[in-house]
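With numbering that gives the first Met the number 0, letter number 244 in the sequence shown gets 243, and the count goes up by one each step, no holes. Yeah, the Cβ is synthetic: ideal placement off N, Cα and C, and Gly gets one too. Shown next, in structure tokens, is the structure this report addresses.
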Amino acid sequence: MTTSAKVKRLFQDRIGLNRASQFINWERILQDDDDEGVEEVQRFEYEQQLDRTFLSKGAIIGLGFALMSPVLGMSTTISIGLNNGGPLTIIVGFVVCGIATWLCSLSLGEIVSRFPIELHGGSAMLAPQGYQLCCSWFTGWLMLLGNWTMSTSITFAGAQLVISLITMTNDRLIGENFLMLFTVLAFYLIVTIVGLINLKFAGFIETVNKVCVYWIIYAVIFIDILLLLFHSGQYRSLKYALTHFDNSRSGYANAALSFMIGFQQSNFTLQGFSMLPALADEVKEPERDIPKGMSTAVLTSTIAGIVFLLPIMLILPDLETIFSNPKLMPIVLIFTNSTHSMFVSIFLVIMILGNLLFSGIGSMTTSSRAVYSMSRDMALPYSQFWSYVDPSSKHKVPRNSILLSMGISYVLGLLALVSTAAFNAFVGAAVLCLCSATCIPLILVVISRRRALHGSPVKVRYRLGWPVNIISICWLIFTMGVICMPPKIPVTFGTMNYAFVVYLLFLSGVTALYFRWGKYNFRTPLIGEDNKVNNSQDTVDLQEVVSTK
């Protein structure tokens, strides 16, 4: 028996297990000198309402790939990179962002492996005594808000692409004054479809997530090959595709600053990895499958993104042509002006829209599970209603949580009718929320000197944990700073980046709700029976153990 186990056993005998667990965080205070190859996974005492075999490891990778789809994410946000440097910013920025995001996924994977629960549960286990409730609350709510806003941004970007597909054949079909109205209607239709699939066809989600990997890979291959085959103009050189930099359209005199702001599109695309821990209750071995699924999905998305983007840079038209029609997304104008074939261009857009279906379904799945997990710990008013799962249903899904997530998307979508800048601010706030929610437990890991990760089945080895954790924290903070910068200057009230303002409003609302509701109703996750030890065995003298240690 290890030293820490002996001390823990003594306290269990002397004052009782439940009282000892309330006052002592054993995994943080008492640590062996090394892991000794022993895995220690924290279990939590929740009734298993969801299907533990709902998703396999392959489905987790597919879901992560859907949330970070470079085909959809980079296509719908490519204007940011084009305005802030062009090919160099887009290609190099995506590579840098992919590597840094992969390190973040490794750091987060350690925590999920040790505490296989939604991220607010890990923060509760990592936080110092007296701060568990607060850290868990802010982690959980920021992650929940990030899930809602990220899901909304994915489906709204898809709606814009749908409208572009309609207007690319006839520019007069939709007047400019009605463009946003039709976009919102398309958005409502998409949210309804992906919501109904999560509600009524949950049994197919495992298959959908696996098919997603093949669809995105084939979409990358088909789009690249068709662009190169049907390109009717002169090809750009490889040097141009990798090194050309022109930020004159951004208005920034500082090239380095403009280059960093161009990272925004890559951060929008790749930040979705942090949404996967919400599925811990529906994976057979979440301590292994989710961490490995996160890191694999990030690497796969990074590689697929590079392969997808490079040919586009080789056939890139002039920027004046790309931004010539405000009714069409830049990626659509790239297709039409490069191939000069309406049939090929429509096919290419449809390949991207296929990604929309997978990404929309996946984001609705993760956001509804985040609602379920937080409601289970009484973080929301009417929590029992939101966390309800019908035990008689064939596929056990949190029906009310899905409906709430759909409702939030409907409400946020209305903002686009009021102000485009206001809606874009919520899109930027999605990344801010996800980054800060990921950052809290990583900072707690560093504060604990990584002792809290003792025994994690999936762990960064060879003394690389410290630098990986620190780099991850620095990158997340850097990302939050970049996301708050306006993509173009001079700035007007209509083009200003209000993401930080929305983020502050979120923080203020979460803080107010904490003092009005959270302090009295929210509870941190309870340690499960699997971690309890029979307190009739191996009593030791506390003084002897402490002196031995």
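Anticipated Cβ contact below 8 Å, residue i with residue j, distance rounded
i: L269; j: V297; result: 7 Å
i: V481; j: M259; result: 5 Å
i: V444; j: A451; result: 6 Å
i: L433; j: M149; result: 7 Å
i: V93; j: G412; result: Note on residue identity: the sequence assigns Phe, not Val, to residue 93. Wrong, their Cβ atoms sit about 28 Å apart, outside the cutoff.
i: F425; j: T151; result: 7 Å
i: I162; j: T182; result: 5 Å
i: L160; j: V348; result: 7 Å
Per-residue burial, residue i [other beta carbons within 10 Å of its own, 16 or more giving buried]
i: S435; result: buried
i: S323; result: exposed
i: F267; result: buried
i: F514; result: exposed
i: H453; result: buried
i: K487; result: buried
i: I224; result: exposed
i: I497; result: A small correction: the amino acid at residue 497 is Tyr; Ile does not occupy that position in the sequence shown. Y497 should be labelled buried.
i: D33; result: A caution first: D33 carries a pLDDT of 45, below 50, which makes its placement in the model unreliable, though a value can still be read off. So D33 ends up on the exposed side.
i: F200; result: exposed
i: Y371; result: buried
i: P86; result: buried
i: K291; result: buried
i: S391; result: exposed
i: C211; result: buried
i: C438; result: buried
i: V490; result: exposed
i: S344; result: buried
i: T168; result: exposed
i: C96; result: buried
i: A252; result: exposed
i: G406; result: exposed
i: S447; result: buried
Among the options, nearest to residue i - alpha-carbon criterion
i: A421; options: L256, M328 and Y502; result: Y502
i: G145; options: D389, L118 and P325; result: L118
i: F521; options: S106, M377 and L327; result: M377
i: G157; options: T138, L184, G174 and G139; result: L184
i: F387; options: V40, E46, I79 and Q41; result: According to the sequence shown, residue 387 is Tyr rather than Phe. Nearest C-alpha to Y387: E46.
i: T242; options: G84, L356 and L125; result: G84
i: T206; options: G121, K56, I165 and L414; result: K56
i: M484; options: I446, S249 and I345; result: S249
i: F505; options: T75, G139, V212 and G108; result: G139
i: S273; options: W214, R449 and A429; result: A429
i: A202; options: R448, L226 and E281; result: The sequence shown places Gly at residue 202, not Ala. Minimum Cα distance to G202 is reached at E281.
i: M495; options: N468, G427 and W465; result: G427
i: T364; options: L198, I351, N336 and I289; result: L198
i: V40; options: G406, A511 and S455; result: S455
i: G232; options: T510, S340, T419 and A424; result: S340
i: R235; options: P310, W147, I196 and L228; result: P310
i: Y239; options: P397, G361, V417 and M312; result: M312
i: S78; options: D288, G63 and V331; result: V331
i: M564; options: G129, G464 and V500; result: Past the boundaries of the shown model lies residue 564; the chain is included only from 0 to 548, so the question cannot be answered.
i: T419; options: I442, L178, G63 and I470; result: L178
i: I173; options: G464, K326, I401 and I446; result: K326
i: S112; options: R171, L143 and P285; result: P285
i: I216; options: W465, S300, Y187 and T191; result: S300
i: I98; options: F346, I59, S294 and I192; result: S294
Bridge partners - residue i, DSSP secondary structure assignment
i: D245; result: G84
i: L54; result: V282
Own chain residues within Cβ distance below 7 Å of residue i, not counting five before or after
i: L81; result: L318, I321 and P329
i: A123; result: Q131, C134, S135, T523 and P524
i: N246; result: N83, G84, A254 and S257
i: K283; result: R51 and T52
i: L403; result: V370 and W385
i: S471; result: L102, C103, S106 and L441
i: L512; result: none
Beta-carbon proximity list for residue i, same chain, < 6 Å, skipping 5 on both sides
i: S382; result: S374
i: S358; result: A65, S68, L71 and I153
i: I110; result: G121 and P440
i: N336; result: P316 and T320
i: T88; result: G80, F258 and G261
i: L180; result: none
i: V509; result: W140
i: T100; result: L269 and V297
i: R368; result: A277 and L278
Short CB-CB distance (under 8 Å) between residue i and chain C
i: V457; result: The structure shown contains no chain C, having only a single protein chain.
Sequence-distant residues of its chain with Cβ nearer than 8 Å to residue i (five each side left out)
i: V467; result: L102, L105, S106 and V459
i: H394; result: D50, F53, A201 and G202
i: T76; result: A156, Q263, Q264, F267 and T268
i: I189; result: T154, G157, A158, V161, L355 and G359
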